[in-house]
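Residue numbers (the numbering used here): 1 to 115. Using N, Cα and C, we set each Cβ at its ideal position, and we do this for glycine too.
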């Protein structure tokens, strides 16, 4: 089975890279919901948070180190930003490769959930 984010990580599918290291890859979202909208994915394929917890929870620390670095690179570290992980169908996950959304660049990111 082909995974879009695995293809982005390995360079088969093009993306606008923001940051990378040996454990994570970050790129601009192609359908941004804020002026800054970056996806941060582990290079290794993990389906969701449960998969990560069962097989490689240490990667989560690397993901959040990347969140901090991306926030700095995108100029939102000081003003603030939102971090979202959609997990499972009811949580809004549509691509089955664990990923973190970093959104910012507005004075306010609005309410936590839409009414």
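Using only the alpha-carbon positions, how far apart do residue i and residue j sit?
| i | j | result |
| --- | --- | --- |
| residue 36 | residue 105 | 5 Å |
| residue 12 | residue 97 | 16 Å |
| residue 49 | residue 41 | 12 Å |
| residue 5 | residue 81 | 23 Å |
| residue 99 | residue 85 | 6 Å |
| residue 66 | residue 57 | 15 Å |
| residue 88 | residue 94 | 8 Å |
Between which two residues does the beta strand (DSSP E) holding residue i run?
| i | result |
| --- | --- |
| residue 38 | 36-42 |
Counting along the chain, where does the alpha helix (DSSP H) carrying residue i start and finish?
| i | result |
| --- | --- |
| residue 82 | No alpha helix (DSSP H) holds residue 82; the beta strand (DSSP E) holding it covers 81-84. |
Out of the options, state which residue places its alpha-carbon closest to the alpha-carbon of residue i.
| i | options | result |
| --- | --- | --- |
| residue 117 | 23, 7, 3, 28 | Given that the chain is displayed from residue 1 to residue 115, the structure contains no residue 117 and the question cannot be resolved. |
| residue 43 | 30, 59, 34 | 59 |
Contact defined as beta carbons within less than 8 Å: I believe residue i pairs with residue j. What is the distance between those atoms, to the nearest angstrom?
| i | j | result |
| --- | --- | --- |
| residue 18 | residue 83 | Not really, about 14 Å apart at Cβ, beyond 8 Å. |
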